[in-house]
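Heads up, the thing below is written out as structure tokens.
Number of protein chains: 2
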Amino acid sequence: MAKIQSGKNATKKEAIIQKAAFLFKIKGYSATSMRELADALGVEAPSLYNYIGSKSELLQGICSRVMGEFTAYLDAVENNMESDISKIEAILRFHIQKMLNNFDEVFVANHEWKHLNEPLLSNFLNQRRTYEKRLMVLIENGIEKNELRAINPYVAVLTILSAVRGLEFWYGHKRNVTQQELENEMVKHLLNGIIK
Amino acid sequence: MAKIQSGKNATKKEAIIQKAAFLFKIKGYSATSMRELADALGVEAPSLYNYIGSKSELLQGICSRVMGEFTAYLDAVENNMESDISKIEAILRFHIQKMLNNFDEVFVANHEWKHLNEPLLSNFLNQRRTYEKRLMVLIENGIEKNELRAINPYVAVLTILSAVRGLEFWYGHKRNVTQQELENEMVKHLLNGIIK
DNA sequence: TATAAAAACTAATAAGTGTTAGTTTTGCAA
DNA sequence: TTGCAAAACTAACACTTATTAGTTTTTATA
């Protein structure tokens with residue numbers, strides 16, 4: 040009957056992943072059925088299996104891609120920027136932008152990772168912990184160089200990452216603030232809190 | 040066979056709610072079955088229905104209780120404290136403490152509210168929006184009285200609430216920071232970012 | 001136009017879902 | 001010890017779940 044429309048997406052598999060991210064965001068992974076996903080794509084559920092291996096593979100794809108993008112950016116920043124403060128600011132801005140421009144996928148990676156199967160679950164958590172540690176090192180260096188207040192690096196990383204994650208609330212009821220304003224305000228609030 | 044142990048909880052219904060909050064936190068609402076919940080209480084699933092009306096009633100109970108506690112505290116603070124900054128600090132500390140002392144329930148209210156049925160879903164979201172607005176008023180007043188920087192009140196509220204919510208990560212791998220230290224550090228980071 | 005592959009379909013399976021009905025067991029009060 | 005209510009049980013229902021097998025339709029190429 041209907042055909043899966045890939046639209047601007049390169050492949051049909053990609054179209055399925057995008058729609059899955061959208062539904063997982065709204066209903067959650069467990070509460071989203073393959074029939075619903077197929078329905079949203081104008082197709083019967085078994086047809087999906089011509090493109091994907093399983094439901095959990097969809098979640099895996101989303102989570103590992105998001106994680107990969109953040110890690111890649113951190114690699115780039117660590118190698119190509121000078122001061123620690125500017126590194127932290129760049130990463131903070133990247134997080135905000137990712138959150139607002141790839142909302143569905145980032146949201147799913149943030150909220151639904153617990154439904155990953157082992158060993159991918161452990162893998163995901165390990166990568167996240169490693170990422171946090173690398174951010175902590177940046178904060179520690181900033182303190183050593185006397186550019187930052189003598190704060191607890193872990194608490195600072197936690198506070199910053201969590202505040203960014205909270206943008207999911209903003210995303211819903213876009214207020215009288217532009218994305219650019221929001222980004223600047225947030226950077227100010229979070230950096231003023233730690234810069235000396 | 041086994042009897043539902045109410046333990047330190049007043050009623051058996053309360054014991055069921057507590058265990059439900061624990062499981063909903065770990066597995067999510069949709070992925071938690073009544074059979075699993077019963078199992079965790081050492082009982083068969085149908086026995087639960089001697090105490091509760093339905094699975095969704097459990098979620099409702101958790102969400103509305105948490106919401107009620109936060110609202111009640113805000114009422115008290117608004118009526119009994121002087122400066123806006125001290126009001127904001129008190130609320131911030133209350134959030135942190137609630138998060139750490141009633142972790143399961145707060146976590147569930149934060150994450151699983153989307154599975155509430157109408158009209159309770161709308162109700163919950165309305166209450167949350169109202170709560171946010173009341174916090175924004177505190178920030179606005181602080182700015183007017185020249186105690187706070189000229190920030191966007193909505194962004195500030197968003198940043199603060201989200202940062203607190205992020206304590207769910209801390210809760211897992213308790214580091215070499217005491218709860219009191221954490222609270223103080225976080226208050227410092229978030230208030231220094233906005234105080235003039 | 002014939003052919004082969006891609007991509008959709010229908011039907012079915014085995015397992016799991018919340019919940020109800022009806023029954024048995026338990027524990028306390030008379 | 002009897003009687004009664006509270007609280008557990010077993011069995012079952014009506015649905016939904018992800019997924020597979022097998023078949024038909026569509027599409028593009030030769």
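Protein chains in written order, with the working numbering: chain C, 40 to 235; chain Z, 40 to 235. Idealized CB from N, CA, C, for every residue including glycine. Remember, predicted model here, so these are calculated numbers, not experimental data.
Cβ neighbours of Phe133 of chain C within its own chain (closer than 7 Å, five residues either side excluded): Tyr112. Any Cβ of chain Z closer than 8 Å to the Cβ of Val226 of chain C would place that residue at the interface, and such an atom is absent. The C-alpha of Ala60 of chain Z lies about 44 Å from the C-alpha of Asn118 of chain C.
Each of Z:Asn162, Z:Met73, Z:Asp78 and Z:Gly67 was checked against the Cα of Gly92 of chain Z, and the nearest Cα belongs to Z:Met73. By the neighbour-count definition (other C-beta atoms within 10 Å, threshold 16), Tyr88 of chain Z is an exposed residue.
Within the same chain, Cβ atoms closer than 6 Å to the Cβ of Leu159 of chain C are found at Gln99, the five residues on either side in sequence being excluded.
Contact of Trp209 of chain Z with chain C by beta-carbon distance below 7 Å involves Leu197.
Within 8 Å of the CB of Ile190 of chain C, the CB atoms of chain Z belong to Glu224, Lys227 and His228, in sequence order along the chain.
DSSP places Ile234 of chain Z in the strand class (E or B) of the three-state scheme. In summary, the residues of the segment 144 to 156 of chain Z whose CB is separated from some CB of chain C by less than 8 Å are His150, Lys153 and His154, in the order they occur in the chain.
Here DSSP, grouped into helix, strand and coil, assigns Leu160 of chain Z to helix. The beta-carbon of Ala84 of chain C is placed no less than 8 Å from the nearest beta-carbon of chain Z.
Counting only residues of its own chain and dropping the five nearest sequence neighbours on each side, Met120 of chain C has a CB closer than 7 Å to the CB of Lys126 and Ala129. In the displayed model, Leu80 of chain Z falls within coil according to three-state DSSP, outside both helix and strand. For the segment 58 to 79 of chain C, residues whose beta-carbon sits nearer than 7 Å to a beta-carbon of chain Z comprise Gly67, Ser69 and Ala70. Leu187 of chain C has C:Ile234 as its beta-bridge partners, per DSSP. The segment 168 to 188 of chain Z makes no contact with the segment 212 to 229 of chain Z; the number of CB pairs closer than 8 Å stays below 3. By the Cβ neighbour-count rule, Gly81 of chain C is exposed, with fewer than 16 other Cβ atoms within 10 Å of its own. Ranked by Cα distance from Ile135 of chain Z, the first of Z:Ser103, Z:Glu207 and Z:Arg168 is Z:Glu207. Shown here, Met120 of chain C sits in coil according to DSSP, grouped into three states, outside any helix or strand. It is roughly 18 Å from the alpha-carbon of Ser103 of chain C to the alpha-carbon of Arg173 of chain C. Residue-level contact by beta carbon fails for Val105 of chain C and chain Z, as no gap is shorter than 8 Å.
Note on geometry: alpha-carbon atoms of Ala54 of chain Z and Ala79 of chain Z lie some 11 Å from one another. Secondary structure note for Thr198 of chain Z: its alpha helix (DSSP H) is the uninterrupted segment Pro192 to Arg204.
At least one C-beta of chain Z is nearer than 8 Å to the C-beta of Val216 of chain C. Under a criterion of Cβ atoms nearer than 7 Å, the residues of chain C adjacent to Leu221 of chain Z are, in order, Val194. Contact annotation: Tyr210 of chain Z and Phe142 of chain Z have beta-carbon atoms nearer than 8 Å. Chain-order list of chain C residues neighbouring Ala202 of chain Z: Thr198, Ser201 and Ala202, by C-beta distance under 7 Å. Residues of chain C whose Cβ lies closer than 8 Å to the Cβ of Asn185 of chain Z do not exist, since the nearest Cβ in that chain is about 17 Å away.
Listed by position along chain Z, the residues whose Cβ is nearer than 9 Å to that of Gly232 of chain C are Lys227, His228, Leu229, Leu230, Asn231, Gly232 and Ile233.
Annotated as distal: Met175 of chain Z and Val203 of chain Z, with beta-carbon spacing of 8 Å or more.
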